[in-house]
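Step one of this worksheet: look at the structure below.
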Amino acid sequence: MGTLSAAVCERRPLVVLLGPTASGKSRVAVQVAKRFGTEVLTADSRQAYRGMDLGTDKPTMEERRGVPHRLIDLADPDQTFNTGWYRQAALAEIARLYAERQLPFVVGGTGLYIRTLVRGLCPAPQSDPLVRAELMRFAREQGRDRLYAQLVEIDPDSAARLHPNDEAKVLRALEVHRLAGQPLSAIHRLHAFQDAPFSTLLIGLSRLKEPLYRRIEERIDWQLAHGMVEETRSLLDRGYGRHLGALKGLGYRQVAAYLAGECDYEEMVRRFKRDTRHFAKRQMTWFRKEPGIQWISVDEGESPEGTVDRVVRLIERFLDSLEGMMSSDLGQQTTLGEESA
RNA sequence: GCCGAGGUAGCUCAGUUGGCAGAGCACAGCCCUGAAAAGGCUGGUGUCGACAGUUCGAUUCUGUCCCUCGGCA
220 MGTLSAAVCE RRPLVVLLGP TASGKSRVAV QVAKRFGTEV LTADSRQAYR GMDLGTDKPT
280 MEERRGVPHR LIDLADPDQT FNTGWYRQAA LAEIARLYAE RQLPFVVGGT GLYIRTLVRG
340 LCPAPQSDPL VRAELMRFAR EQGRDRLYAQ LVEIDPDSAA RLHPNDEAKV LRALEVHRLA
400 GQPLSAIHRL HAFQDAPFST LLIGLSRLKE PLYRRIEERI DWQLAHGMVE ETRSLLDRGY
460 GRHLGALKGL GYRQVAAYLA GECDYEEMVR RFKRDTRHFA KRQMTWFRKE PGIQWISVDE
520 GESPEGTVDR VVRLIERFLD SLEGMMSSDL GQQTTLGEES A
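Residue 257 in the working numbering is what sits at position 38 of the first sequence, and the numbering runs on without skipping anything.
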C-alpha cells in the first residue's frame, strides 16, 4: 500500500540519490526506501547485466533486506544495453509506482541515465546494428580522420563539438544522420534537455577525495577476495568475449587482461584501482555540472544511519512542499534542490 | 677498503657533440543526448646529488666529496 497522497502523486515526484562509486549510496538507499515504504530503482549501466554481480557491486539479497530493487538484471552481457533501453524500463517502473501511490526512488551513479530520466532524451533514432557495423568498418579501413571528414560534411555543428579521435560519438552522429535524415545537432537543438516530466529532488552523496579513494581500494580488495576473478572467468567461459561492452566495464576488463596473460596479478589490481579512481573523478566532473543537486557531504565519522536521517529529512521537506503546491503549479519542476546549491 | 654501474619531475627513465630540461606512468582539470563503469580532450620549474674549476654560459667537460645498487674482499 502506497504512502503518497493523491495530491502529491499528481505532481509526479521523483527522488534521485546519486554520487560517485563507493560513496555508500546503496547502503543508505535501502534504509531510505524502507522509511518511505518504497523500492529502489537502480540507475547503473552495469548492474543491468545478468551474471555480473560482484564486479558491479550489486547489493546481495541480504543487503537488500526485503526492499525490491528494480532495473537490474535486464540484459545478457552480449546484448547492448543503453540509455534508451534504460529510460524506457525506468519510466515503466515509475508509472507502476504512481499507480500504487508509491514514491519513485532512483539510486545510482550513471549520470547520463539520470539526466535523461529527469530532463528527457532527444528523439533521435536508436542505434542500428547494421548501420553501426558499416560505419565501424569504414573507420577501420579508411581511418578515423576520413570518418570525421564525413561528419564535417553532413553535420558541421556536431563535428565542431567533437574531437576527431572520439570515434564513438562521431560514429553516433553519423548514424543518426543516416537514419533520421537530419543532423544530430539539429535534434539536440530542439530538445536541449528541456523536458521536465517530474517534480524532481536530486540528492548527491559526496565524500572527500582521500577517504573516497580509500573506500574504492577497500572495495576492490574485497571484490577480489570474494570471487571477482572467478566471476570474470565464468563469463568468458560462457562465451562472452572481451569485445563486448559489458566486459569492458571496470574490473572485468582488467581481470580479463590478467587472465589472458597480458599482465600479472599485481599489475591487474593496480589498474583496476587506478581506473576506478579515474572513473569516480569523471563522475564528479559530470555531477558538478548537473543543475539542482542538493549535496550531502558525508565524513568518515558519520554512521550510515546519520546519513539516512539527513536524506530522509530532505525528502520529507520535498514532499511537504509538493503537498502545499497549488494545482496551477502542476508540471513545474521544483526548485527545492537549488536552494542550497 | 677496492672495482664497476648509477644519482635528472611523486615513480621509472631518456637527453643535452656545453645554449632558459623531456617521455611514460602517477596525479590534476575538463567534455559528453541510445556504447556512459563506455569514449574523448588538456596540463611538465624540477636547487638535473653537493662543492669547486674551465667557459661568455655547466645539468652536460674536469676534480673532490656524499649517497644508492651490484661484485670482490
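From the three backbone atoms N, C-alpha and C, an ideal C-beta is built for every residue, glycine too.
* Over the uninterrupted alpha helix (DSSP H) stretch that includes residue 335, give me the two end residues. => Indexing the first sequence from 1 puts residue 335 at position 116. Residue 335 -> alpha helix (DSSP H) spans 330-338.
* **Contact check, residue 305 vs residue 465, beta carbons under 8 Å** => Sequence index remark: in the first sequence, residue 305 carries index 86 (1-based). Sequence index remark: in the first sequence, residue 465 carries index 246 (1-based). Not closer than 8 Å, so no.
* Asked: With C-beta atoms as the reference, is residue 422 less than 8 Å away from residue 515?
  -> The sequence position of residue 422 within the first sequence is 203, counting from 1. The sequence position of residue 515 within the first sequence is 296, counting from 1. Residue 422 places its beta carbon less than 8 Å from that of residue 515.
* **Alpha-carbon spacing of residue 491 relative to residue 239, whole angstroms** => In the first sequence, the residue the question calls residue 491 occupies position 272. In the first sequence, the residue the question calls residue 239 occupies position 20. Each residue's alpha carbon lies about 16 Å from the other.
* To do: Helix, strand or coil for residue 290, going by three-state DSSP, please let me know.
  => Residue 290 sits at position 71 when you count from the first residue of the first sequence. Reduced to three states, the DSSP call for residue 290 is coil.
* To do: Measure from the alpha carbon of residue 384 to the alpha carbon of each residue in 394, 363, 374, then state which is nearest.
  => Stepping through the first sequence from its first residue, residue 384 is reached at position 165. Of the candidates 394, 363, 374, 363 places its Cα closest to the Cα of residue 384.
* Work out the CA separation of residue 502 and residue 172 for me, nearest whole Å. => Limits of the chain in this structure are 220 at one end and 560 at the other, which puts residue 172 out of reach.
* Where residue 522 falls, given that 16 or more other Cβ within 10 Å makes a residue buried -> In the first sequence, counting from the first residue as 1, residue 522 sits at position 303. Label assigned to residue 522: exposed.
* To do: Kindly indicate which residue of 504, 499, 401 has the alpha-carbon position closest to the one of residue 243.
  => Sequence index remark: in the first sequence, residue 243 carries index 24 (1-based). 499 is the residue among 504, 499, 401 whose C-alpha sits nearest the C-alpha of residue 243.
* Local Cβ density within 10 Å of residue 508, reported as buried at 16 or more and exposed below that -> Residue 508 sits at position 289 when you count from the first residue of the first sequence. Taking all protein chains in view, the Cβ of residue 508 is surrounded by fewer than 16 other Cβ atoms within 10 Å, so the residue is classified as exposed.
* **Identity of the residue in 419, 542, 222, 328 nearest residue 255 by Cα** => Residue mapping note: residue 255 aligns to position 36 of the first sequence, counting from 1. Nearest to residue 255 by alpha-carbon distance, out of 419, 542, 222, 328, is 222.
* Runs of alpha helix (DSSP H) wholly within the stretch 222-250 (minimum 4 residues, chain order) -> Runs found: 225-229.
* How do the stretch 311-320 and the stretch 385-403 stand: do at least 3 beta-carbon pairs fall below 8 Å, yes or no? -> Touching, no.
* Beta bridge counterpart(s) of residue 268 as assigned by DSSP -> For the purposes of this step, residue 268 is taken as the residue at position 49 of the first sequence. According to DSSP, residue 268 bridges with 294.
* Asked: So the alpha helix (DSSP H) residue 302 belongs to, where does it begin and stop?
  -> For the purposes of this step, residue 302 is taken as residue 83 along the first sequence, with counting starting at 1. From DSSP, the alpha helix (DSSP H) with residue 302 extends over 302-318.
* To do: Inspect the CB distances between the stretch 331-346 and the stretch 413-428 and report whether three or more fall short of 8 Å.
  => The count of Cβ pairs closer than 8 Å, one atom from the stretch 331-346 and one from the stretch 413-428, reaches three, so the stretches are in contact.
* **Collapsed DSSP secondary structure at residue 412 in the structure displayed** => Reading the first sequence from its first residue, position 193 is the one you call residue 412. Correct three-state label for residue 412: coil.
* Would you tell me roughly how many angstroms separate the C-alpha atoms of residue 288 and residue 333, rounded to the nearest one? => Sequence index remark: in the first sequence, residue 288 carries index 69 (1-based). Sequence index remark: in the first sequence, residue 333 carries index 114 (1-based). If you draw a straight line from the Cα of residue 288 to the Cα of residue 333, it comes to about 16 Å.
* Just curious, the beta strand (DSSP E) that residue 325 is in, first and last residue? -> For this step, residue 325 is matched to residue 106 along the first sequence. Counting along the chain, the beta strand (DSSP E) containing residue 325 begins and ends at 324-327.
* Contacts around residue 410, its chain only, beta-carbon distance under 6 Å, and the 5 residues preceding and following it disregarded -> As a position in the first sequence, residue 410 is number 191, starting the count at 1. Its chain contains 341 as the residues whose beta carbon lies nearer than 6 Å to that of residue 410, once the 5 sequence neighbours on both sides are disregarded; these appear in chain order.
* Asked: Out of 285, 284, 286, 291, which has the shortest C-alpha to C-alpha gap to residue 276?
  -> Residue numbering aside, residue 276 sits at position 57 when the first sequence is read from its first letter. Checking every option, the nearest Cα to that of residue 276 belongs to 291.
* Asked: Are there 16 or more other CB atoms within 10 angstroms of the CB of residue 456, so buried, or fewer, so exposed?
  -> Counting from one through the first sequence, the residue named residue 456 turns up at place 237. Taking a 10 Å sphere around the C-beta of residue 456, we find fewer than 16 other C-beta atoms and assign the residue as exposed.
* To do: Using the Cα positions of residue 433 and residue 241, report the straight-line distance between them to the nearest angstrom.
  => Numbered from its first residue, the first sequence carries residue 433 at position 214. Numbered from its first residue, the first sequence carries residue 241 at position 22. The straight-line gap from Cα to Cα measures roughly 9 Å.
* To do: Could you tell me which residues DSSP pairs with residue 321 in its beta bridges?
  => Taking the first sequence and counting its residues from 1, the one referred to as residue 321 is at position 102. Looking at the DSSP assignment, residue 321 forms no beta bridge with any residue, so it has no partner.
* According to DSSP, residues forming a beta bridge with residue 423 -> Against the first sequence, residue 423 aligns to sequence position 204. DSSP lists 237, 514 as partners of residue 423.
* Asked: Got a sec, what are the start and stop residues for the alpha helix (DSSP H) residue 504 sits in?
  -> On the first sequence, position 285 is the one that residue 504 refers to. For residue 504, the enclosing alpha helix (DSSP H) has its first and last residue at 484-508.
* **residue 451 burial status per 10 Å Cβ neighbour count (16 or more: buried)** => By one-based count along the first sequence, residue 451 stands at place 232. Result: buried.
* **8 Å contact criterion, which residue 286 and residue 253 should meet: CB distance rounded** => Here residue 286 refers to the residue found at position 67 when the first sequence is read from its first residue. Here residue 253 refers to the residue found at position 34 when the first sequence is read from its first residue. 6 Å between Cβ atoms; contact.
* **Extent of the continuous alpha helix (DSSP H) to which residue 392 belongs** => Reading the first sequence from its first residue, position 173 is the one you call residue 392. Residue 392 -> alpha helix (DSSP H) spans 386-399.
* Would residue 234 pass as a contact of residue 357 if the rule is Cβ separation under 8 Å? -> If you number the first sequence from 1, residue 234 lands on position 15. If you number the first sequence from 1, residue 357 lands on position 138. No. Outside cutoff.
* Among all the DSSP beta bridges, which residues are the ones paired with residue 262? -> On the first sequence, position 43 is the one that residue 262 refers to. According to DSSP, residue 262 bridges with 327.
* Coil, strand or helix - residue 453 by DSSP -> Translated into positions along the first sequence, residue 453 becomes position 234. For residue 453, the secondary structure class from DSSP, reduced to helix, strand or coil, is helix.
* Asked: In three-state terms, what does DSSP make of residue 346?
  -> Here residue 346 corresponds to residue number 127 of the first sequence, with the count starting at 1. Correct three-state label for residue 346: coil.
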